[in-house]
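Down below is the structure, laid out as structure tokens.
Number of protein chains: 2
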Amino acid sequence: MNAPAKIDHNLVKPSPADQLWTLAKSDMAAVDAIILERMDSPIGMIPDLAQHLVGAGGKRLRPLLTVSCAQMCGYEGGDHHKLAAAVEFIHSATLLHDDVVDESDLRRGRKAANLIWGNSASILVGDFLFARSFNLMVETGSLEALDILSTASSVIAEGEVQQLASLRDITITEQIYMDVIGSKTAALFAAATEVAGVISARSDAEREALRTYGQKLGLAFQLVDDALDYGGFESALGKSVGDDFREGKLTLPVIRTIAAADEAELKFWQRVIVDHDQQDVDFEKAVSLIRKAGALKSTLDLARNYAAEARRALEIFPESEWRSTLQDLADYVVDRIS
Amino acid sequence: MNAPAKIDHNLVKPSPADQLWTLAKSDMAAVDAIILERMDSPIGMIPDLAQHLVGAGGKRLRPLLTVSCAQMCGYEGGDHHKLAAAVEFIHSATLLHDDVVDESDLRRGRKAANLIWGNSASILVGDFLFARSFNLMVETGSLEALDILSTASSVIAEGEVQQLASLRDITITEQIYMDVIGSKTAALFAAATEVAGVISARSDAEREALRTYGQKLGLAFQLVDDALDYGGFESALGKSVGDDFREGKLTLPVIRTIAAADEAELKFWQRVIVDHDQQDVDFEKAVSLIRKAGALKSTLDLARNYAAEARRALEIFPESEWRSTLQDLADYVVDRIS
Chain C
1 MNAPAKIDHN
11 LVKPSPADQL
21 WTLAKSDMAA
31 VDAIILERMD
41 SPIGMIPDLA
51 QHLVGAGGKR
61 LRPLLTVSCA
71 QMCGYEGGDH
81 HKLAAAVEFI
91 HSATLLHDDV
101 VDESDLRRGR
111 KAANLIWGNS
121 ASILVGDFLF
131 ARSFNLMVET
141 GSLEALDILS
151 TASSVIAEGE
161 VQQLASLRDI
171 TITEQIYMDV
181 IGSKTAALFA
191 AATEVAGVIS
201 ARSDAEREAL
211 RTYGQKLGLA
221 FQLVDDALDY
231 GGFESALGKS
241 VGDDFREGKL
251 TLPVIRTIAA
261 ADEAELKFWQ
271 RVIVDHDQQD
281 VDFEKAVSLI
291 RKAGALKSTL
301 DLARNYAAEA
311 RRALEIFPES
321 EWRSTLQDLA
331 DYVVDRIS
Chain A
1001 MNAPAKIDHN
1011 LVKPSPADQL
1021 WTLAKSDMAA
1031 VDAIILERMD
1041 SPIGMIPDLA
1051 QHLVGAGGKR
1061 LRPLLTVSCA
1071 QMCGYEGGDH
1081 HKLAAAVEFI
1091 HSATLLHDDV
1101 VDESDLRRGR
1111 KAANLIWGNS
1121 ASILVGDFLF
1131 ARSFNLMVET
1141 GSLEALDILS
1151 TASSVIAEGE
1161 VQQLASLRDI
1171 TITEQIYMDV
1181 IGSKTAALFA
1191 AATEVAGVIS
1201 ARSDAEREAL
1211 RTYGQKLGLA
1221 FQLVDDALDY
1231 GGFESALGKS
1241 VGDDFREGKL
1251 TLPVIRTIAA
1261 ADEAELKFWQ
1271 RVIVDHDQQD
1281 VDFEKAVSLI
1291 RKAGALKSTL
1301 DLARNYAAEA
1311 RRALEIFPES
1321 EWRSTLQDLA
1331 DYVVDRIS
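Chains C and A, in that order, give the protein sequences. My numbering numbers the first residue of the first sequence as 1 and each following residue consecutively. My numbering numbers the first residue of the second sequence as 1001 and each following residue consecutively.
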């Protein structure tokens, strides 16, 4: 009798993101139903445009975090679905506005909505989704959740404005960059996880732990995203590579590369970022300078540190499949590309 | 001895808007203080831009309505100031986004913010003010006020999208136009007055009366605004005349003029609105056609009817200086130009 063929389980093992989706399947179906219902409107352009963006799916990472953290907390009501949908609406609204601000071509692998319906429609439908997100929060009756998510929303806008003010400025420090990603990205992750603790009526320490988990996960996520913009592949990422470079957006890989640049290299960065004088070959040159400086690797190392902090933050909770999968997700956010 | 010179008191009598401002002076000072405090941010572009718009003053009509209605209801707390500031922030956020959508040149008699700081900054600072408005509402602890204002915010966005979808369409009906102004303008007036009744814990009938007052006043206000765009003077209005015409925005004066147009006139409207082929002289031609059709007068008559409905709605409240001034304001909104 022959031994059975060896199976490499690593090849078929689902990612922590997939595992979380499987665990939260019925919750996420409920969230999706709310999303579809609440983006409806008699004004046809609204559901059309919202469907184009929200219906494209994406990772739904933020609402997944809200429902998963609520489950880890043993929450037994139904408000986590509404809050998760509210979180996704806030995220979708910022994406619609970002596409206008950034003049993006692709979003979630599709043509950006503003290129189909125009900038005006993207601005106004973003406003609609944002308002609807507050309707949903009001229905939960949780003033604390409303406070956390409205504060996160203003912080996101601050981060976006700070990023805008820093465009094409090669003197930007790492601290400013960390402030920007802490505001524009990590604040919503932190709010998405903290509100789960709020509706579950957990202790202040546990709420803080959830918030820390979301915050650090969000930082890791954005650092990886910014690294991918210089090292990923368009098809894998669902957005164009080199967007940040073309827009003159200073991210950590470039900030660290510029910090180590010699005079000729500085002149290159001056020309392509500050003077915004770019040729086709310049992006490749930028990538090679970034690799030479080891700045992609050091960016990913920093992301890995934040992921480890996120993992540790959840240790305050008793062991469970939810907890371990959320912890694994933190590492996966970084390891998906490295 | 000569008789004293006759004084025409009509010439010096303050308008109802001025009277309401005088009555509500200390309240409005408190509202202004909150507005200034809450539009602050370490990201300098935010207070700069917000100050340009909010600091330009404008009529502050919506927050004035909130505090005046609260006073008429005998409200004794301090939440009306926060709600009034929240209402002004929602209004300011929509103005910033409208300027990008409409490509306006002037706002409140100043250069529109998007022409100074760019469209991106206007979009993001609008988002910031919108989020801050919800922060303020949360602080009042009134879930009902939050519900009313978040619902109004989504209705405003729906109205703006509907208006966008109706641009350059000369088949637009009066009903669609009334839907649009009911949503984009009257919804916030109605919310601004209703929340005053909510925090004052008035009966459902009184809340409904306040809502009706705001709604009808808002309709009258927008009808007059749309008439002014074809009949006012730029200096008096603080915005450019002919904006709606140039943007191909169908408002009641034009809808009624087109309904009465002969074949040659229809061709004119087809060219200037649908084909958007406009010469300098076309605006004057449009104004003369509108006057010939009596459409400015009939628009103002309709506004006068809504103002009368607004006046009547407040009769449920006991007589007071607040009530009578709010009632006079309704007529004044129309009479300021006719």
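For glycine and all other residues, C-beta sits at the position ideal for the given N, C-alpha and C.
Report the neighbours of residue i on chain C: residues whose CB is nearer than 9 Å to its CB, in chain order.
i: A:T1171; result: The premise fails here: A:T1171 is roughly 16 Å from chain C at the closest Cβ pair, so nothing lies under 9 Å.
i: A:G987; result: Residue coverage of chain A in this structure runs from 1001 to 1338, which leaves residue 987 of chain A outside it and unanswerable.
i: A:A1112; result: Those within 9 Å of A:A1112 in chain C number zero; the least Cβ separation is about 15 Å.
i: A:A1227; result: Ordered by position in chain C, no residue passes the 9 Å Cβ test against A:A1227, which lies about 24 Å from the chain.
Under 7 Å Cβ to Cβ from residue i, same chain only, skipping five residues before and after it: list those, please.
i: A:M1001; result: Confidence at A:M1001 is low in this model, with a pLDDT of 42, below 50, so the placement of that residue should be treated as unreliable; the coordinate-derived value is given next. For A:M1001, where only same-chain residues beyond five positions count, there are no Cβ hits under 7 Å.
i: C:R271; result: D277
i: A:Q1019; result: T1325
Taking 8 Å as the limit between beta carbons, can you name the residues of its chain near residue i, skipping five residues before and five after?
i: C:E206; result: C73, G197, I316 and F317
i: A:Q1163; result: V1180, K1184 and K1249
i: C:G77; result: I199
i: A:K1059; result: A1017
Given a threshold of 16 other Cβ atoms within 10 Å of its Cβ, counted over all protein chains shown, does residue i qualify as buried or as exposed?
i: C:A56; result: exposed
i: C:Q279; result: exposed
i: A:D1226; result: buried
i: A:S1026; result: exposed
i: A:I1116; result: exposed
i: A:A1033; result: exposed
i: A:G1141; result: exposed
i: A:E1037; result: exposed
i: A:E1234; result: Any reading at A:E1234 needs caution, since the residue's pLDDT is 47, under 50, leaving its predicted position unreliable; the model's value is listed next. It counts as exposed.
i: C:T22; result: exposed
i: C:E319; result: exposed
i: A:D1102; result: buried
i: C:A260; result: exposed
i: C:D204; result: exposed
i: C:T66; result: buried
i: A:S1166; result: buried
i: A:S1288; result: exposed
For residue i, go through chain A and note every residue whose CB falls closer than 8 Å to its CB, in chain order.
i: C:F189; result: Residues of chain A passing the Cβ test: none, with the nearest at roughly 17 Å.
i: C:E160; result: L1124 and D1127
i: C:N135; result: D1147, S1150, T1151 and S1154
i: C:H97; result: I1123, L1124 and D1127
i: C:S120; result: V1100, V1101 and L1164
Over the uninterrupted alpha helix (DSSP H) stretch that includes residue i, give me the two end residues.
i: A:C1069; result: L1061 to M1072
i: A:S1203; result: From DSSP, A:S1203 is part of no alpha helix (DSSP H); its letter is neither H nor E.
i: C:R168; result: Element bounds for C:R168: n/a, residue is neither H nor E.
i: A:H1080; result: D1079 to D1102
i: C:P47; result: M45 to V54
i: A:M1178; result: E1174 to I1181
i: A:M1137; result: N1119 to T1140
i: A:V1281; result: Note, A:V1281: premise wrong, no alpha helix (DSSP H); not H, not E.
i: C:D18; result: P16 to L23
i: A:I1255; result: L1252 to A1259
i: A:K1297; result: A1295 to A1313
i: A:V1333; result: E1321 to D1335
i: A:A1264; result: E1263 to W1269
Can you round the beta-carbon distance between residue i and residue j to whole angstroms, since I take them to be within the 8 Å contact cut?
i: A:R1132; j: A:M1039; result: 7 Å
i: A:A1220; j: A:A1303; result: 4 Å
i: A:V1161; j: C:V125; result: 7 Å
i: C:D229; j: C:T251; result: 7 Å
i: A:A1085; j: A:L1136; result: 6 Å
i: A:V1087; j: A:R1062; result: 5 Å
i: A:L1053; j: A:L1083; result: In fact, because the Cβ distance is near 20 Å, the residues do not count as touching under 8 Å.
Residues of chain A with a CB under 7 Å from the CB of residue i: which are they?
i: C:R132; result: S1154
i: C:M45; result: V1161 and A1165
i: C:V195; result: Per Cβ cutoff of 7 Å: no residues; C:V195 is ~13 Å from chain A at best.
i: C:A29; result: None at all; the shortest Cβ gap to chain A is about 24 Å.
i: C:A308; result: In chain order: nothing, as chain A lies at least about 29 Å away.
State yes or no: is the C-beta of residue i nearer than 7 Å to some heavy atom of the ligand COA?
i: A:D1275; result: In the structure shown, the ligand COA is absent, as is every other ligand, since no ligand is present at all.
Residue i touches chain C at which residues, Cβ-Cβ below 8 Å?
i: A:M1039; result: None at all; the shortest Cβ gap to chain C is about 10 Å.
i: A:H1138; result: The sequence shown places Val at residue 1138 of chain A, rather than the His named in the question. Here the neighbours are L143, L146, D147 and S150.
Closer than 6 Å by C-beta to residue i: which residues in its own chain qualify, once you throw out the five before and the five after it? Chain order, please.
i: C:L217; result: F189, A310 and A330
i: C:Q71; result: W322
i: A:S1183; result: V1155, E1158 and G1159
i: A:C1069; result: T1193, A1196 and L1210
Under 9 Å between beta-carbons, which chain A residues line up against residue i? List them in chain order, please.
i: C:G141; result: L1143
Whose Cβ in chain C lies nearer than 7 Å to the Cβ of residue i?
i: A:A1192; result: Neighbours of A:A1192 on chain C: none; closest Cβ ~16 Å, over 7 Å.
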